[in-house]
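Presented below is the structure to which this report refers.
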Amino acid sequence: MQYIKYKCNNCGKYLYTYYEGVKKYGTAIGRCKNCDREYLDLRYREIDIKGIQKKDLSVLPYLIGIAFGVLAVWRCYYLSSWEDMEMPKWGHYIMLIFIGLLGVAIIVFCTWDAIEILTGKKKEKYEKKIEESRRRIRDESYMEKLKKLGYDFDD
Ligand SMILES: [Zn+2]
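Here our numbering runs 1326 ahead of the position in the sequence shown, where the first position is 1.
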């Protein structure tokens, strides 16, 4: 994953590290603690400008996650009868426990998220963020600031 370290245009103070493609919902305007100038925070997306991204309410990634989890657990079961001369027995057990627990954790995590999406609970959580965003962008001076700082409205 590519990342960029952002510094303040005005005073050069380190502000944040942005991982490409990773966006949270919130205000995209930050304020430099060092010089008090406002800056564009690429880590944030104003959710009400373009609405919720489809991928945020898609169960597909979670179904794939569950499949991976099942695969890991199955692999674990399969490997339990496998004898490896290169590895001591305790090492073998630790590896199996690790893979098994990881698989179960992935299944639980993904199932939980998938259920939240299917029952509409996830959308409710977003709605609160949308409401906050709507309040911000109703303010024309805020929108002007976003434009001036170069916010990507198509993103
Ligand atoms: Zn600054």
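A virtual CB, placed ideally from N, CA and C, is assigned to each residue, including glycine.
Alpha-carbon to alpha-carbon, residue j and residue i
i: D1480; j: L1341; result: 24 Å
i: D1374; j: K1333; result: 27 Å
i: E1442; j: V1430; result: 18 Å
i: S1459; j: E1372; result: 6 Å
i: Q1328; j: M1413; result: 36 Å
i: L1427; j: V1399; result: 8 Å
i: K1415; j: G1446; result: 47 Å
i: R1464; j: T1343; result: 29 Å
i: K1350; j: Y1419; result: 39 Å
i: K1471; j: K1376; result: 17 Å
i: C1361; j: D1367; result: 16 Å
i: I1425; j: V1348; result: 27 Å
i: L1434; j: K1380; result: At residue 1434 the sequence reads Val, which differs from the Leu that was named. Straight-line Cα distance between these residues: approximately 23 Å.
i: L1397; j: G1417; result: 21 Å
Residue i burial status per 10 Å Cβ neighbour count (16 or more: buried)
i: R1461; result: exposed
i: Y1370; result: buried
i: Y1365; result: buried
i: G1356; result: buried
i: I1392; result: buried
i: C1436; result: buried
i: Y1345; result: exposed
i: L1386; result: exposed
i: Y1403; result: exposed
Close Cβ partners of residue i (< 7 Å) along its chain, the five nearest in sequence each way excluded
i: L1383; result: I1443, K1448, K1449
i: G1439; result: Position check: residue 1439 holds Asp in this sequence, whereas Gly was assumed. Answer for D1439: Y1388, listed in chain order.
i: F1394; result: I1432
i: S1406; result: L1422
i: M1469; result: I1463
i: Y1477; result: A1354, L1366
i: E1466; result: none
i: K1331; result: Y1340, T1343
Other residues of its chain near residue i: CB distance less than 8 Å, five sequence neighbours each side excluded
i: K1359; result: K1339
i: I1378; result: K1449, Y1452, I1456
Sequence-distant residues of its chain with Cβ nearer than 6 Å to residue i (five each side left out)
i: R1363; result: N1336
message: Which runs of the beta strand (DSSP E) at least 3 residues long sit entirely within the region 1335 to 1369? Give them in chain order.
response: As far as the region 1335 to 1369 is concerned, its whole beta strand (DSSP E) runs of at least 3 residues are 1340 to 1345, 1355 to 1357, 1364 to 1366.
field: Those runs of the alpha helix (DSSP H) which lie wholly inside the region 1424 to 1468 and span at least 4 residues
entry: Taken in chain order, the unbroken stretches of alpha helix (DSSP H) that lie wholly in the region 1424 to 1468 and span 4 residues or more are 1447 to 1463.
query: Which runs of the alpha helix (DSSP H), 4 residues or longer, sit entirely within the region 1366 to 1416?
result: Listed in chain order, they are 1373 to 1376, 1386 to 1405.
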